[in-house]
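Residue numbers for the sequence shown follow the UniProt record's numbering, beginning at 1 and rising by one. Quick notes on the structure that follows.
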Amino acid sequence: MVSEDRSSPVVCVNLWYDVGSRHEPAGQTGFAHLFEHLMFEGSVHVKKTEHMRLVQGNGGSLNATTNPDRTNYFETMPSEHLELALWLEADRMGGLVPALTQETLDNQREVVKNERRQRYENVPYGDAWLRLLELLYPPGHPYHHPTIGSMEDLNAAGLDTFKAFHQQYYVPNNCVLTVAGDASPAEVFALAEKYFGQLAPVAGIPAAPSAHLTGPATTPARETVSAAVPAPRIYLSHRTHPFGTAGYDAITVLATVLGNGRGSRLYQRLADGKRIAQPDYIGSYGVDLAHAPAPLIITATAKDGVDVAELEDGLSEVIAGLVTEPVTDEELSRAKALLTTAWWRSLSTVGGRADTLGRYATQFGDPATVAYRLPQWLAVTADDVTEAAAYALKPESRVTLTYLPEEKA
């Protein structure tokens, strides 16, 4: 897929593999994320760390990300190096397994363990997402475990198990290649055929386990954590609708009204009004998961001297008000303006455009559906927001995660 843009001599090469943590079978959690690391450790024709050296040495930047739904690899390069970027990506798609050694695997396992310590275990509130997933989704559900996975699973699996995982999922017929920027479709398709055309598709790619859930939870869940945190913090979360549905569009607008910035209800009523929440640590956002009801997360950190129960009552009151106090025209206009700005900003770079097109092609089967997202947000009404709140934000469907400083537990 090509999005031609001759405004500057830059291209982004972006690959979306349809494999994330939701695809991982029992005993193989964390595999997709580990491959995010392994894919930079060399392939048949590219030595260890040479992928980064070649991209950065030619004026480019690169990265990769993993989430429950997919794994994403991308380079932004001067357009004269488009062929280099495509060759590098094709070589690690088809040539990683022959080059993967036990030493490399062991090294990157240790890197992931260190990442878990740095990002989740040794950071205040760092494991909130890990805890929320387990509370939001039942055991066995593909969203129940996080992308970082289980260290026990990563340690237990042998080299051949990892190789088999790559050979199942990191293949041309499980990948969307998008190039945005200073290149023509004819040029890109010719180069893609040159480097990816020799890679054979794989039959029988395993489907992800069923993620079907009927909607919001029917019983509340609660966990209180005593930890080395500077202040009490509450996370409230609800399963809502899958990303890409009309229901989730309404939730997106709702989250913006509720918790995006100083004009939001949470800020106005709890940070600026009652002054029970820290202004810099209050908000709400959706996590855009596409294959099951996606979570809305609402969070606030207590100001000094504020009891955590008072903060939770304040949050619950503001949430309930989305049903009893309909969103005003001013609130709706503000939310839509913020979403519009964010949308166009995300598409203003070749990297953002390539990633968005790759996402819609992978998750919805047609990159053209990207044209519907902003109009669907703008079509959301105040009644839609009220209905979304009444459906998804009931107290009986709520997950409550509370952090308390250890000395106040």
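In this text, a Cβ means the ideal position worked out from N, Cα and C, and glycines have one as well.
Taking the Cα positions, Ile298 is about 42 Å away from Val97.
Counting of Cβ neighbours within 10 angstroms places Asn155 among the exposed residues, the total staying below 16. Here the alpha carbon of Val19 sits roughly 5 Å from the alpha carbon of Arg70. If you draw a straight line from the Cα of Thr101 to the Cα of Thr356, it is about 34 Å long. Note that the C-beta distance between Gly60 and His37 is not below 8 Å.
The shortest CA-to-CA distance from Thr240 to any of Ala180, Ala392 and Cys12 is the one to Ala392.
Bridge pairing for His241: absent [DSSP].
Sequence-distant partners of Val370 (beyond 5 residues in either direction) whose C-beta falls short of 7 Å from its own C-beta, in its chain, are Thr356, Leu357 and Tyr360. Comparing alpha-carbon positions, the option among Arg373, Ala368 and Pro405 lying closest to Ala228 turns out to be Pro405. Secondary structure in the segment 351-406: the beta strand (DSSP E) runs of 3 residues or longer, each lying completely within the stretch, are 399-405 in chain order. Here Tyr137 has Tyr143 and His144 as same chain residues with Cβ atoms under 6 Å from its own Cβ, once five neighbours each way along the sequence are excluded. Around Gln278, the same chain offers Ala231, Ala271, Ala300, Thr301, Ala302 and Lys303 as residues with beta carbons nearer than 8 Å, after the five sequence neighbours per side are excluded.
Straight through space, the alpha carbons of Gly95 and Ala180 are spaced by roughly 25 Å. The C-alpha of His166 is placed about 15 Å away from the C-alpha of Tyr73. With respect to the 8 Å criterion, Gly259 and Gly283 are classified as neighbours on the basis of their beta carbons. Here His51 is buried. Its C-beta has 16 or more other C-beta atoms within 10 Å. Its chain contains Gly126 and Ile148 as the residues whose beta carbon lies nearer than 8 Å to that of Arg119, once the 5 sequence neighbours on both sides are disregarded; these appear in chain order.
Only residues of its own chain outside the window of five on either side were considered, and among them Ala250 have a CB closer than 6 Å to the CB of Asp384, listed in chain order. Of the residues assessed, His33 falls on the buried side of the cut-off, its CB having 16 or more other CB atoms within 10 angstroms. Of all C-beta pairs linking the segment 195-212 to the segment 102-112, fewer than three are shorter than 8 Å, placing the two stretches out of contact. Unbroken alpha helix (DSSP H) stretches of 4 residues or longer found wholly inside the segment 177-205: 185-196, given in chain order. In this structure, Leu236 is the residue among Leu236, Arg262 and Asn173 with its C-alpha nearest to the C-alpha of Pro220. Within the model, the alpha-carbon separation for Val123 versus Trp129 is close to 12 Å. Leu254 sits away from Met1, with the two beta carbons spaced by 8 Å or more.
If you draw a straight line from the Cα of Gly42 to the Cα of Phe35, it comes to about 12 Å. It is roughly 15 Å from the alpha-carbon of Pro242 to the alpha-carbon of Gln376. Counting only runs of 4 or more residues that sit fully inside the segment 86-167, the alpha helix (DSSP H) segments are 102-116, 128-136 and 151-156, in chain order.
Residue pairing for Phe74: DSSP places it in a beta bridge opposite Asn14 and Asn63. Per DSSP, Tyr281 is one residue of the beta strand (DSSP E) stretching across Ala277 to Gly286. Ranking Gly158, Leu199 and Trp344 by CA distance to the CA of Arg373 puts Trp344 first. Here Ala207 carries a coil assignment [DSSP, helix/strand/coil]. Going by DSSP, Leu296 is part of the beta strand (DSSP E) stretching over Pro295 to Ala302.
Annotation for Ala227: the continuous beta strand (DSSP E) segment containing it runs Ala221 to Ala227.
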